[in-house]
Amino acid sequence: MTPLLEVRDLRKSFRLHNRGGLELPVLGGVSLDAFAGECLVLAGPSGAGKSTLLRCVYGNYVPDAGSIKIADRAAKVEIVGAGHRTILDLRRRTLGYVSQFLRAIPRVGARDVVAEPLRRIGWDEERARERAGMLLDGLGIAQKMWDLPPATFSGGEQQRVNLARGFAVEYPLMLLDEPTSALDADNRRRVVALIEAAKARGAAVLGVFHDHDMADAVGTRIFNVEPVRMAA
Amino acid sequence: MNANSDEPILRVEGLRKNFGSRAVCDDISFELWPGEVLAVVGESGAGKTSLLKCLSGQTPIDAGHAHYRNAQGREIDIAASDETLLKRLQRTEWGLIHQNPRDGLRFGVSAGANVGERLMALGARHYGNIRFEATDWLQRLEISGDRIDDLPSKFSGGMQQRLQIARNLVTKPRLVFMDEPTGGLDVSVQARLLDLLRVLVRDLGLAAVLVTHDLAVARLLGDRLLVMKDGKAVELGLVDQVLDDPQTPYAQLLVSSVLQI
């Protein structure tokens, strides 16, 4: 079976130019594969680079070296050094990313926030809003809130809107960065169902979870991200 | 997406603009594709507005090229074009949204005439159709249709800015140049305008060059970010990539100077 995601010898450090060029190494050569239908849980101490790894895969951080290949239709696309159009295209159709926080857009109601990624791949408004409503409902967001901008919602509600948005398009590869940190047990169970459904349709899920029961519930494999040893 | 979406709509190569002996734009190069928004950021005096004026034919380019691919798929070098051609592009295939609505509207004629005028410049003659389209565009920009006969001076600053956008978009331009479109507006008014712009850019598949000093506006509306300093392009990348992982000393300083974005 060919992986949906192939990471090879990925290196990433941050150079702080305004702090005398201080260099902070974070990823010191990470290699991993993720396959269809599995949820690979990224483990490791805080600061080990779990989020950095996800952000490199999403094209949000610029790696120093290494390779990130993503299966896209019949081809394999290299992310490291790719042009912006390649990355934007992958993000539209192939790569989903859910962070801890919703980036709310002023004046836009929750349902339209969720529907937006679908509109970007050409769904008409009615169909996109219908699926958005279904996702919000599945995550326990009451219908009376659907037309309200989520900026005023509680942290847990915003996180669920964010999850609904992230799962609106059925991406083959999902990147999850502590998407349930503000959710109670009931709502976490709803998210487990969402991730299980993604696995069942053949998505590969790469996730960082702050709580063990969430990781245990959805994880099929654990990958340890080792902190880089600072040279003395 | 149109048939030309696999070719850049704008190809800028080594563009230079001098102001006296000083270069206010120095060796700027980038490409812009249909449907993309390029946000240009930097502090005052970095050359953002000069760049926009060069690209939109409002001021001559001193060296380098800016190739615009027109609706017929033909490349036109803005640097080598005469004023007649540039004026025609400004009226037809381009939109030009100024920070100050006074620079982009005619204050002596009604709101409806401001919008209808661009249609007439393209040959529309039927009064009823022009008025219908003008009303439609005012409403899309959330200006009530019964304000169509009012002079722009009767409008609030936010409404004037929305009117300026309606005037520009009524002719369905392919490329829009925006200079601080939300500058000088109250925050709540800004939010409304930004949301309208965001939806319009997406629904019309516009390509746009957006000059702003506000990184949050760049993040909301832009696909890519060009960071300028002292007339030079110091960094160019995906908006979220440049804001979250800036590579150059100046971009790092700019991003870290903002309270929260």
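Note that the protein sequences, when read in sequence, are chains E and X. For what it's worth, the numbering used here labels the leading residue of the first sequence as 1, then goes sequentially. For what it's worth, the numbering used here labels the leading residue of the second sequence as 1001, then goes sequentially. Built from N, CA and C at the ideal position, the CB exists for glycine as well. Please read these numbers as outputs of a predicted model, since none were measured by experiment.
Residue closest to residue i, alpha-carbon to alpha-carbon, out of the options
{"i": "residue 1203/X", "options": "1173/X, 1130/X, 1249/X, 1053/X", "result": "1173/X"}
{"i": "residue 199/E", "options": "24/E, 36/E, 21/E", "result": "36/E"}
{"i": "residue 93/E", "options": "217/E, 141/E, 85/E", "result": "85/E"}
{"i": "residue 1057/X", "options": "1139/X, 1167/X, 1177/X, 1023/X", "result": "1177/X"}
{"i": "residue 1037/X", "options": "1142/X, 1081/X, 1238/X", "result": "1238/X"}
{"i": "residue 181/E", "options": "155/E, 172/E, 193/E", "result": "155/E"}
{"i": "residue 152/E", "options": "126/E, 117/E, 129/E, 105/E", "result": "105/E"}
Residue-chain proximity (residue i, chain X), Cβ-Cβ < 8 Å
{"i": "residue 61/E", "result": "yes"}
{"i": "residue 88/E", "result": "yes"}
{"i": "residue 162/E", "result": "no"}
{"i": "residue 108/E", "result": "yes"}
{"i": "residue 105/E", "result": "yes"}
{"i": "residue 85/E", "result": "yes"}
{"i": "residue 228/E", "result": "no"}
{"i": "residue 212/E", "result": "no"}
{"i": "residue 235/E", "result": "Chain E is shown only over 1 to 232; residue 235/E falls outside these bounds and no answer can be derived."}
{"i": "residue 18/E", "result": "yes"}
Chain E within 8 Å of residue i, Cβ atoms only
{"i": "residue 1140/X", "result": "no"}
{"i": "residue 1014/X", "result": "no"}
{"i": "residue 1245/X", "result": "yes"}
{"i": "residue 1233/X", "result": "no"}
{"i": "residue 1174/X", "result": "no"}
{"i": "residue 1183/X", "result": "no"}
{"i": "residue 1004/X", "result": "Because residue 1004/X carries a pLDDT of 48, less than 50, the predicted location of this residue cannot be relied on, and the following value inherits that uncertainty. Output row for residue 1004/X: interface = no."}
{"i": "residue 1033/X", "result": "yes"}
Three-state secondary structure (DSSP) of residue i
{"i": "residue 134/E", "result": "helix"}
{"i": "residue 945/X", "result": "This structure cannot speak to residue 945/X, because chain X is shown only from 1001 to 1261."}
{"i": "residue 1132/X", "result": "helix"}
{"i": "residue 1172/X", "result": "coil"}
{"i": "residue 1041/X", "result": "strand"}
{"i": "residue 222/E", "result": "strand"}
{"i": "residue 89/E", "result": "helix"}
{"i": "residue 1266/X", "result": "What the structure shows of chain X is the stretch from 1001 to 1261, and residue 1266/X is not part of that stretch, so it cannot be assessed."}
{"i": "residue 1100/X", "result": "coil"}
{"i": "residue 1015/X", "result": "strand"}
{"i": "residue 191/E", "result": "helix"}
{"i": "residue 1179/X", "result": "strand"}
{"i": "residue 208/E", "result": "strand"}
{"i": "residue 1121/X", "result": "helix"}
Extent of the continuous alpha helix (DSSP H) to which residue i belongs
{"i": "residue 1083/X", "result": "1083 to 1091"}
{"i": "residue 1215/X", "result": "1215 to 1221"}
{"i": "residue 214/E", "result": "212 to 218"}
{"i": "residue 1105/X", "result": "Counting along the chain, residue 1105/X falls outside any alpha helix (DSSP H), and DSSP gives it neither H nor E."}
N-terminal and C-terminal residue of the beta strand (DSSP E) that residue i is part of
{"i": "residue 1077/X", "result": "1075 to 1077"}
{"i": "residue 1007/X", "result": "Careful: residue 1007/X lies outside any beta strand (DSSP E) and carries neither H nor E."}
{"i": "residue 4/E", "result": "Where residue 4/E is concerned, there is no enclosing beta strand (DSSP E), given that its DSSP letter is neither H nor E."}
{"i": "residue 98/E", "result": "95 to 98"}
Heavy atom of the ligand COA within 7 Å of residue i beta-carbon
{"i": "residue 133/E", "result": "The ligand content of the structure shown is nil, which means the ligand COA is not present either."}
Cutoff 8 Å: residue i Cβ touching any chain A Cβ
{"i": "residue 1237/X", "result": "Absent here is chain A; the protein component of the structure consists of chains E and X."}
Residue ranges of each beta strand (DSSP E) run of no fewer than 3 residues wholly in the region 43 to 87 of chain E, ordered along the chain?
-> 65 to 72, 75 to 78
Give, in chain order, every unbroken run of the alpha helix (DSSP H) that is at least 4 residues long and sits entirely within the region 146 to 181 of chain E.
-> Here the runs fully enclosed are 155 to 166.
Going along the chain, which unbroken runs of the beta strand (DSSP E) with 3 or more residues stay wholly within the region 9 to 47 of chain E?
-> Complete beta strand (DSSP E) runs here, min 3: 22 to 34, 39 to 43.
Note down, one range per segment and in chain order, each alpha helix (DSSP H) of at least 4 residues found wholly within the region 1139 to 1174 of chain X.
-> 1157 to 1169
Beta strand (DSSP E) runs contained entirely in the region 1182 to 1252 of chain X, provided each spans 3 or more residues = Those beta strand (DSSP E) runs which fall completely within the region 1182 to 1252 of chain X and span 3+ residues are 1207 to 1211, 1224 to 1229, 1232 to 1238.
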